[in-house]
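Trainee: Structure provided below as structure tokens; questions to follow.
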Amino acid sequence: MSSKNLRARIAACALVLAGIAYASATSRAATQENAAAGEHAAYKTVRSNGGRYVLHVTEPEGGFVRGKPLAFDVRVLRADDPTQPATVGLLVDADMPEHLHGTNRVPRIERRADGTFRVENLYLHMPGWWEVFLDVVESPWTERAQLRVEVE
Amino acid sequence: MKRLVTFVLASAVASWAVASCAGRNTANDTANDTARGALSGTASESPPAISTEPAPSPPVDRPSVELVAALDALTIQRILRHGPLGAPAPDPTNRVATSLEAAHLGQRLFYDPRLSLDGFHSCASCHMPTRGFADGLDLPVPVGSSDRHVPSVLNAAHQRWFFWDGRADSLWSQALAVISNPKELGVGRPGLARLVTHDAIYRAEYRAAFGEDPSDAPTDEDRTAVNAAKAIAAYEAQLESGDSAFDQFAGALAANDLDAAATYPSDALRGLLLFVGRANCRSCHAGPNFSDGEFHSIGMAPRGGGKPSHPGRMRGIEILRADPFRGSGPWSDAPTSEHAREVDALVQSSEQWGQVRTPSLRNVARTAPYMSEGQKATLREILEYYSTLEGAVTVAHHGEQVLKPLALSEGDMTDLEAFLRSLDGRDPPDERVWAPPKPR
Numbered sequence: 001m002s003s004k005n006l007r008a009r010i011a012a013c014a015l016v017l018a019g020i021a022y023a024s025a026t027s028r029a030a031t032q033e034n035a036a037a038g039e040h041a042a043y044k045t046v047r048s049n050g051g052r053y054v055l056h057v058t059e060p061e062g063g064f065v066r067g068k069p070l071a072f073d074v075r076v077l078r079a080d081d082p083t084q085p086a087t088v089g090l091l092v093d094a095d096m097p098e099h100l101h102g103t104n105r106v107p108r109i110e111r112r113a114d115g116t117f118r119v120e121n122l123y124l125h126m127p128g129w130w131e132v133f134l135d136v137v138e139s140p141w142t143e144r145a146q147l148r149v150e151v152e
Numbered sequence: 153m154k155r156l157v158t159f160v161l162a163s164a165v166a167s168w169a170v171a172s173c174a175g176r177n178t179a180n181d182t183a184n185d186t187a188r189g190a191l192s193g194t195a196s197e198s199p200p201a202i203s204t205e206p207a208p209s210p211p212v213d214r215p216s217v218e219l220v221a222a223l224d225a226l227t228i229q230r231i232l233r234h235g236p237l238g239a240p241a242p243d244p245t246n247r248v249a250t251s252l253e254a255a256h257l258g259q260r261l262f263y264d265p266r267l268s269l270d271g272f273h274s275c276a277s278c279h280m281p282t283r284g285f286a287d288g289l290d291l292p293v294p295v296g297s298s299d300r301h302v303p304s305v306l307n308a309a310h311q312r313w314f315f316w317d318g319r320a321d322s323l324w325s326q327a328l329a330v331i332s333n334p335k336e337l338g339v340g341r342p343g344l345a346r347l348v349t350h351d352a353i354y355r356a357e358y359r360a361a362f363g364e365d366p367s368d369a370p371t372d373e374d375r376t377a378v379n380a381a382k383a384i385a386a387y388e389a390q391l392e393s394g395d396s397a398f399d400q401f402a403g404a405l406a407a408n409d410l411d412a413a414a415t416y417p418s419d420a421l422r423g424l425l426l427f428v429g430r431a432n433c434r435s436c437h438a439g440p441n442f443s444d445g446e447f448h449s450i451g452m453a454p455r456g457g458g459k460p461s462h463p464g465r466m467r468g469i470e471i472l473r474a475d476p477f478r479g480s481g482p483w484s485d486a487p488t489s490e491h492a493r494e495v496d497a498l499v500q501s502s503e504q505w506g507q508v509r510t511p512s513l514r515n516v517a518r519t520a521p522y523m524s525e526g527q528k529a530t531l532r533e534i535l536e537y538y539s540t541l542e543g544a545v546t547v548a549h550h551g552e553q554v555l556k557p558l559a560l561s562e563g564d565m566t567d568l569e570a571f572l573r574s575l576d577g578r579d580p581p582d583e584r585v586w587a588p589p590k591p592r
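Sequences listed follow chains A and B, in order. For what it's worth, my numbering labels the leading residue of the first sequence as 1, then goes sequentially. For what it's worth, my numbering labels the leading residue of the second sequence as 153, then goes sequentially.
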């Protein structure tokens, strides 16, 4: 075996090992995040656009449907320490990008003792594509995460 | 994928079945009230005779057979979201909203011209049973001079907000506002309390509905007037139209009875497919009442031209929040209910300038002319507007960007009009439509 071939094989093995290590770390992080989500089985897990937070969002009863006040839970975790809820604030709003308008109601948001947020009265009045904005506030940062919701 | 299609179909059929169980007429009801009589004289005259002959079954429309067979799961799901109408949401702010005794009192008041300053106009003068409970005029001619087109009160209990700008959040506060407005009926709360207190029939019916005597003493007159308005609301809540040809079609579709579905005329079916498809009318005319219940501007210029002069929803929210007769106010029967507290959560912004409530399309063929100022005389004129948006004005910086000229062909417009006409439902029963006879 030439030294060129040997170097290529070593490089390939290193790549495989690195891949295994990355997958293992990702899996561990996901397990930790899921453990932190606890009984709050997430309908969607989204990462904030700045990458600082991971948000577990439960599904409203009956799904994201039109013309009904929707209620759901949000658990915010730090991406680098997904073992417990982050002590942050949360703002929620929704918008129809194709219509250039938002929702007609202000949702109510309550932080519970266990660190999760209860969101109520999110009202999507029209069928179509909605973006639900979840803004995590931790001064001096605010990071946005969003859910894409198709409402029939 | 197959599972998804099955699930979508099953969900749609299940939701149809649930709505059907909510007290609506069955699919056996005939769609069109062909025997509706013409109004002669005042609304309190004897009702015209209604034929009791069962309508013959319509023939299968051959082109419809092919159209029905070609419907995909998503289209079926979207069609079934529009019917049947089902029962209206309860109004906890009115404790007599479903009381028959209150509805009886409200029915008599609805047809009584003594509610107007001139003694000639009643609620039924503008909400005429023979005109789909509207007035057939572009603008009303009541005691004063209102500059808003009269909407129908048929199925009004299915709305969440009332008036074009949603300045009232209940049927009873809407009725009270009309009675108090000198540009409309104008007799006011003192006049309403006086009428109910000193008329022997009203006095007895009030007692039956509320378990107490009415009073027009200064300390009691508001209470009496509010209760009378709640009785009118109880009556209006009974003004529900029956199944339409569209409802029968959707019912057949839900039951997977394709033969029955194919009796729906093919032009109406093509119009329906445009409505839920390319034309995307369902975007605002959503749900079983063909209205999302919310507020939009379609850029239609006011009657006199120029930009919209009515503030619309922007001002409507202000008026609502200041109204002592709102759902969260002292005269409400459930001021702290979720229903009443919705007002506190309303978003108010300058982009709501000129926005008006999406009208229901049920019975729309019977309630010409159209739009909040009666700008359009016919359904065809409205379709032509949506086709070109000719003369549209920009209202707000963002506005409704979803509105684009639909470029409808003549055939498209004919089909859409046929579909809209298929939303014509049966009138409520006669005993609910006319003024009750005076007791002997």
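Think of the CB as a built atom: it goes at the ideal place given N, C-alpha and C, for glycine as much as any other residue.
Can you say whether B:ASP264 is buried or exposed, counting buried as having 16 or more other CB atoms within 10 angstroms of its CB?
Mentor: Buried is the call here.
Trainee: Buried or exposed: A:TRP141, going by 16 or more other Cβ atoms within 10 Å of its Cβ?
Mentor: Its Cβ having fewer than 16 others within 10 Å, A:TRP141 is exposed.
Trainee: For the beta strand (DSSP E) containing A:ARG111, list its first residue and its last residue.
Mentor: Residues 108-111.
Trainee: Sorted by chain position, which residues of the same chain lie with C-beta nearer than 8 Å to A:ARG112's C-beta, five sequence neighbours on each side aside?
Mentor: If we look at A:ARG112 and ignore the five residues flanking it on each side, its Cβ neighbours are ARG118.
Trainee: At 8 Å on the CB atoms, spell out the chain A contacts of B:VAL499, in chain order.
Mentor: Those within 8 Å of B:VAL499 in chain A are GLY102, THR103, ASN104, ARG105, VAL106.
Trainee: Between A:PRO82 and chain B, is the shortest Cβ-Cβ distance under 8 Å, so that the two count as touching?
Mentor: No, its Cβ sits nowhere closer than 8 Å to a Cβ of chain B.
Trainee: Going along chain A, which residues have a C-beta under 7 Å from B:ASP372?
Mentor: Under the 7 Å cutoff, chain A gives no residues; its nearest Cβ is about 36 Å from B:ASP372.
Trainee: Output, in chain order, the set of chain A residues within a Cβ distance shorter than 8 Å of B:GLU617.
Mentor: Coverage of chain B is limited to positions 153 through 592, which leaves residue 617 of chain B absent and any answer about it impossible.
Trainee: For B:SER435 and chain A, any beta-carbon pair shorter than 8 Å?
Mentor: Yes - at least one Cβ of chain A is within 8 Å of the one on B:SER435.
Trainee: Give me the DSSP bridge partner(s) of B:ASP399.
Mentor: Answer by DSSP bridge pairing: none, since B:ASP399 is not bridged.
Trainee: Report, in whole angstroms, the separation of the C-beta atoms of B:ASP368 and B:ALA345, which I expect to be a contact under 8 Å.
Mentor: B:ASP368 to B:ALA345, Cβ: 4 Å. Contact.
Trainee: Have a look at B:CYS433 and B:TRP586 and give me their C-alpha separation to the nearest angstrom.
Mentor: Roughly 34 Å between the two C-alpha positions.
Trainee: Quick one: list the residues of chain B neighbouring A:GLY128, beta-carbon separation under 9 Å, in chain order.
Mentor: ASN432, SER435, VAL554, listed in chain order.
Trainee: In terms of residues, what are the limits of the beta strand (DSSP E) holding A:GLY89?
Mentor: Where A:GLY89 is concerned, the enclosing beta strand (DSSP E) stretches over 89-96.
Trainee: Label A:ASP114 either buried or exposed according to how many other C-beta atoms from any shown protein chain fall within 10 Å of its C-beta, with 16 as the threshold for buried.
Mentor: Flag for A:ASP114 reads exposed.
Trainee: With 9 Å as the limit, tell me which residues of the stretch 223-234 of chain B have their beta carbon closer than that to any beta carbon of chain A; keep them in chain order.
Mentor: Of all residues in the stretch 223-234 of chain B, LEU226, GLN229, ARG230, ARG233 have a Cβ within less than 9 Å of some Cβ in chain A.
Trainee: Check whether the Cβ atoms of B:PRO521 and B:HIS301 sit closer than 8 Å, and answer yes or no.
Mentor: The answer is yes: Cβ separation under 8 Å.
Trainee: With a threshold of 6 Å on Cβ separation, who are the neighbours of B:PHE362 within its own chain once the five nearest residues in sequence on each side are excluded?
Mentor: Result list for B:PHE362: ASN379, in chain order.
Trainee: Measure the beta-carbon distance from B:VAL248 to B:ALA412 and round it to whole angstroms, keeping in mind my assumption that it falls under 8 Å.
Mentor: The Cβ separation is near 40 Å, so there is no contact.
Trainee: Check the DSSP bridge columns for B:LYS528 and list the partner residues they point to.
Mentor: Answer is B:TYR522.
Trainee: Anything in chain A within Cβ reach of B:GLY445, meaning under 9 Å, just list it in chain order.
Mentor: In chain order: GLY67, HIS125.
Trainee: When the cut-off is 8 Å and only beta carbons count, does A:ASN49 lie next to chain B?
Mentor: Output row for A:ASN49: interface = no.
Trainee: Is the CB of A:GLU152 under 8 Å away from at least one CB in chain B?
Mentor: A:GLU152 counts as touching chain B.
Trainee: Go to A:LYS44, then tell me how far its beta strand (DSSP E) extends in each direction, as first and last residue.
Mentor: 44-47 is the span of the beta strand (DSSP E), which, as asked, contains A:LYS44.
Trainee: Check the Cβ of B:GLY439 against every Cβ in chain A and list those closer than 8 Å, keeping chain order.
Mentor: Residues of chain A passing the Cβ test: ARG66, GLY67.
Trainee: Under the three-state reduction of DSSP, which class applies to B:VAL348: helix, strand or coil?
Mentor: The answer is helix: DSSP assigns B:VAL348 an H, G or I state.
Trainee: May I ask you to verify whether the stretch 83-101 of chain A touches the stretch 118-136 of chain A, counting CB pairs closer than 8 Å and requiring at least 3?
Mentor: At 8 Å Cβ cutoff, the stretches touch.
Trainee: Give the DSSP-derived three-state secondary structure of B:GLN229 in the structure shown.
Mentor: B:GLN229: helix per DSSP, three-state reduction.
Trainee: Take every Cβ of the stretch 269-285 of chain B, pair it with every Cβ of the stretch 497-505 of chain B, and state whether three or more of those distances are shorter than 8 Å.
Mentor: Taking 8 Å as the limit for Cβ pairs, the verdict is that the stretch 497-505 of chain B does not touch the stretch 269-285 of chain B.
Trainee: For the 8 Å Cβ check, are there 3 or more pairs between the stretch 132-141 of chain A and the stretch 524-536 of chain B?
Mentor: No, the stretch 132-141 of chain A is not in contact with the stretch 524-536 of chain B.
Trainee: Measure the CB-CB distance between B:GLU357 and B:LEU252 and report whether it falls below 8 Å.
Mentor: Not a contact, by the Cβ cut-off of 8 Å.
Trainee: How long is the line joining the alpha carbons of B:GLU569 and B:GLU218, rounded to whole angstroms?
Mentor: Distance between the alpha carbons of B:GLU569 and B:GLU218 is about 21 Å.
Trainee: What alpha helix (DSSP H) runs, 4 residues minimum, are completely inside the stretch 268-301 of chain B?
Mentor: Listed in chain order, they are 275-278.
Trainee: With A:ASP73 as the anchor, note down where its beta strand (DSSP E) starts and where it stops.
Mentor: Unbroken beta strand (DSSP E) run through A:ASP73: 69-78.
Trainee: For the structure I just gave you, are there three or more beta carbon pairs, one from the stretch 46-54 of chain A and one from the stretch 77-89 of chain A, closer than 8 Å?
Mentor: In short, these stretches touch, since the Cβ pair count reaches three.
Trainee: State the Cα-Cα distance for the pair B:LYS590 and B:ILE353, rounded to the nearest angstrom.
Mentor: Taking the straight line joining both Cα atoms gives about 8 Å.
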